[in-house]
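Residue numbers for the sequence shown follow my numbering, so the first one is 1048 and each next one is one higher.
For every residue, glycine included, the Cβ atom is placed at its ideal position computed from N, Cα and C.
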Amino acid sequence: MTQHAAFPAFLLGAVLLAGCTVGPDYSRPEVPISATYKHEAGWRSLSTAEPPPVGAWWVLYDDPELDGLMRATADSNLSVAQAEARFRQALAQLRVSRAGALPQVQGNASIQRSGRENNGSGSSLSSSSDGTAYQLGATASWVPDLWGKVRRQLEADRASIASSAADLDAMRLSMQSTVAQAYLRIRAIDLYLGLLELTREAYTRSLELTRNQYSAGLAARADVIQSEVQLQSLMTQETDLRQQRLLEENAIAVLLGRPPAGFSVARTDALPPPPAIPAQMPSALLVRRPDVIAAERQVAVANANIGVAEGAWFPDLTLSAQGALQEGRFIDLFSAPQLIWSVGPSLAATLFDSGRRSALVEQSRAQYDERVAAYRQTFLTGIQEVEDALATLQMLKAKAGQQARLVELAEENERVVTNRYRAGLVTFLEVSVAQNQTYTSRRTALEIKAEQLAASIRLIVALGGGWR
């Protein structure tokens, strides 16, 4: 075979070898998926091929102001902005790796002066000759991916992009759920304030009644003092509630990327009911969780990195071609230059590295094992969070019914005791106890409703963004 025929044959062999890929092919690790859940009777999983898409989960609460806050959070939250920037970094890294697998062309220009000196014997003079060389050239090179190292790196970069996208979704879901929780707490505080104002009116009427009873000689001075203490205690609670509301507003403002001074939530006396949980939901909802997706994609990254590390054992082939125009005068470069060229392959391999490559392969396999364990732990944590939310909702539903009955009993008891006090049959202490029981039972009923809303949001987050 002639020299001119050998190079195309070598190039053909390199292209055929480029079909090889070192390292293990990826398969998703198994995770412990349950067919049923421990809590929420009638709730069971259904198998689906693909998880449903995540939508605007907050529409379940049918609150226009909450809808606006959720959209503002997605657009303005600074933690979401950081996650979005990390996602763009992953996209750029893929382009960097892809460019490394393609031919590279570099240009160069140089000017060199050279000379020679001769010293004649017996002469005090020396003669010299010098010249100038101008050169314009270009070098093209390509490193074929013979062993699939670059393909594994691209595989790792693509998985990293998917992981970053899932991290972005997880951050957005986390920030939106945090804002929703704070907003619903404000709505609950508004209801607490409304209840407190009604109770304050009742306590004020009781104080007037006690003072009248005292003036008529039907009540002791201690009853008046007790009534005043009760009313003052309620006013102190009102101050605490208003402070809590202000802190929640400030927290929402920061989550929206705004200064607290320019943000407020208008007061209302409405709290949305907890959304109804469907009797059946697909088991694929857990697989849809952004943190589960991110953890699984990190496993794929670690798997591809094993191939990158194993590829270091194989030699690198470089195909290069170089050409240059050279002449003694710059103007001659464009009229009658000398052409200097070279073309050919080169092979480079590490012969001894004191175990460095072995250590890198071992390290990449250990990182893969770590990512697999982290993926399974993330999935188990998701199952736990769903179980916890379902259990909480189930218990709160039963508790809400019990508390509603307690409110009825407390209100009836207050009416009876108040009538007995008007008739002079009991002291104001019994009235005070009855009124406090009514107020406490009503507030506890509101707290249970707020806890149900909070638990429903936790279930939505645990399922990766609702059950739609």
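Asked	Found
In angstroms, rounded to a whole number, what distance separates the CA positions of S1401 and I1208?	34 Å
Within 10 Å of its beta-carbon, does I1236 have 16 or more other beta-carbons around it, so buried, or fewer, so exposed?	buried
Count the other CB atoms, across all protein chains shown, that sit within 10 Å of the CB of P1306; report buried if there are 16 or more and exposed otherwise.	exposed
Would you mind stating whether Y1415 and I1353 have Cβ atoms separated by less than 8 Å?	yes
My assumption, with CB atoms under 8 Å, is that L1386 sits in contact with L1183. Please give the rounded CB distance.	Contact doesn't hold; Cβ gap of about 11 Å is too wide.
Evaluate the contact criterion for the stretch 1300-1318 versus the stretch 1113-1122: three or more CB pairs, one atom per stretch, below 8 Å.	yes
In chain order, what residues of the same chain lie with their CB nearer than 6 Å to the CB of A1088, ignoring the 5 residues before and after it?	At A1088 the pLDDT is 47, less than 50, meaning the model places this residue with poor confidence; the figure from the coordinates comes in the next sentence. Result list for A1088: empty, nothing under 6 Å.
Pull up the DSSP beta-bridge partners for D1363, would you.	A1395
My output table needs one value for W1105: the three-state DSSP class, helix, strand or coil.	helix
For L1333 and F1426, which I take to be in contact (beta-carbon distance under 8 Å), what is that distance rounded to the nearest angstrom?	7 Å
Would you mind giving the Cβ-Cβ distance between T1246 and L1281, rounded to the nearest angstrom? I have them listed as a contact below 8 Å.	6 Å
What do you get for T1315, buried or exposed, if any count of 16 or more other CB atoms within 10 angstroms of its CB means buried?	exposed
Please state if the CB of V1069 and the CB of K1196 are separated by a distance shorter than 8 Å.	yes
Less than 6 Å between C-beta atoms, sequence neighbours within five positions excluded: which residues of the same chain meet that for G1358?	V1069, W1194, K1196
Quick check on the burial criterion: 16 or more other C-beta atoms within 10 angstroms. Buried or exposed for V1143?	exposed
Might you give, ordered along the chain, the residues of its own chain that have their beta carbon closer than 6 Å to the beta carbon of L1500, omitting 5 neighbours on each side?	L1231, P1321
Between which two residues does the alpha helix (DSSP H) harbouring E1077 extend?	Taken as a continuous stretch (DSSP letters only), E1077 belongs to no alpha helix (DSSP H), as it is neither H nor E.
Could you check if N1155 is buried or exposed, using at least 16 other CB atoms within 10 Å of its CB as the buried criterion?	exposed
Near V1226, which residues of its chain fall below 6 Å by C-beta distance, leaving aside the five closest residues on each side in sequence?	L1116, T1120, I1299, L1302
Could you have a look at S1175 and say whether DSSP puts it in helix, strand or coil?	Any reading at S1175 must be qualified, since the residue scores a pLDDT of 38, below 50, and its modelled position is unreliable; the value itself is stated next. Of the three classes helix, strand and coil, the one that applies to S1175 here is strand, per DSSP.
Alpha carbons only, please: which of Q1369, N1466, N1350, A1457 is nearest the one belonging to R1412?	N1350
Applying the 10 Å Cβ sphere with the 16-neighbour rule, what's the burial state of S1393?	exposed
Quick check: I1233 and E1295, are their CB atoms within less than 8 Å of each other?	yes
If you reduce the DSSP assignment to three classes, tell me which class G1370 lands in.	strand
For S1529, list the residues DSSP reports as bridge partners.	Only positions 1048 to 1515 of the chain appear in this structure, which leaves residue 1529 out of reach.
Taking the alpha-carbon positions, what's the R1160 to A1180 distance?	6 Å
How long is the line joining the alpha carbons of T1487 and S1224, rounded to whole angstroms?	29 Å
Could you check where the alpha helix (DSSP H) with L1302 kicks off and where it finishes?	1268-1302
So is T1465 buried or exposed if we call it buried at 16+ other beta carbons inside 10 Å?	buried
Using a 10 Å radius around the Cβ and a threshold of 16 neighbouring Cβ atoms, would you call Q1450 buried or exposed?	buried
In this structure, how does DSSP classify V1473 when only helix, strand and coil are distinguished?	coil
Would you kindly work out how many angstroms separate the C-alpha atoms of A1368 and R1133, rounded to a whole number?	38 Å
State buried or exposed for L1364, treating a residue as buried only when at least 16 other CB atoms are found within 10 Å of its CB.	buried
Touch check for the stretch 1472-1489 and the stretch 1426-1442: three-plus C-beta pairs under 8 Å?	no
In the DSSP assignment, find the alpha helix (DSSP H) that holds A1209 and state where it starts and stops.	1196-1262
So A1130 and D1214 are supposed to be a Cβ contact under 8 Å. How far apart are they, rounded?	6 Å
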